[in-house]
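Visitor: Residue numbers are given in our numbering: position 46 of the sequence shown equals residue 125, and the series is strictly consecutive.
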Amino acid sequence: MLDKIALTLLVIGGLNWGSIGIFQFDIVAWIFGGQTGIVSRIIYIIVGLAAIWCISLLFRDTGEVAKDESLSRNNA
Numbered sequence: 080m081l082d083k084i085a086l087t088l089l090v091i092g093g094l095n096w097g098s099i100g101i102f103q104f105d106i107v108a109w110i111f112g113g114q115t116g117i118v119s120r121i122i123y124i125i126v127g128l129a130a131i132w133c134i135s136l137l138f139r140d141t142g143e144v145a146k147d148e149s150l151s152r153n154n155a
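If you want it as structure tokens, here you go:
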């Protein structure tokens, strides 16, 4: 579940960076009151933490993840 949340936040961050690169428009800053606004900074921090979490996805054994998911489904 945490992996899906982190990936969703990472996609949102990627879309925001894409809009900055293509249109020079920061969606998060626009919605939450500028890049220095406290809410914008919190969003940037959360997306950054999600990116750090997603680094762990690169090094996980996918067979182990599938095994853990099937065990949790059987126990439910």
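From the three backbone atoms N, C-alpha and C, an ideal C-beta is built for every residue, glycine too.
For the putative contact between Ala-108 and Ser-119, defined by C-beta atoms under 8 Å, what is the C-beta separation to the nearest angstrom?
Guide: For the purposes of this step, residue 108 is identified with residue 29 of the sequence shown, where counting begins at 1. For the purposes of this step, residue 119 is identified with residue 40 of the sequence shown, where counting begins at 1. Right, the Cβ-Cβ distance comes to about 5 Å (below 8 Å), so this counts as a contact.
Visitor: Return the Cβ separation of Ile-125 and Leu-88 in integer angstroms, given the expectation that the two are a contact with Cβ distance under 8 Å.
Guide: Taking the sequence shown and counting its residues from 1, one reaches residue 125 at position 46. Taking the sequence shown and counting its residues from 1, one reaches residue 88 at position 9. Right, their Cβ atoms sit about 6 Å apart.
Visitor: Please list, in chain order, all residues of the same chain as Gly-113 whose beta carbon is under 8 Å from its beta carbon, the five residues on each side excluded.
Guide: Stepping through the sequence shown from its first residue, residue 113 is reached at position 34. Within the same chain, Gly-113 has close Cβ partners Ser-119.
Visitor: Would you kindly work out how many angstroms separate the C-alpha atoms of Thr-141 and Phe-102, rounded to a whole number?
Guide: Taking the sequence shown and counting its residues from 1, the one referred to as residue 141 is at position 62. Taking the sequence shown and counting its residues from 1, the one referred to as residue 102 is at position 23. Each residue's alpha carbon lies about 37 Å from the other.
Visitor: Buried or exposed: Ile-84, going by 16 or more other Cβ atoms within 10 Å of its Cβ?
Guide: Looking up residue 84 in the sequence shown gives position 5. So Ile-84 ends up on the exposed side.
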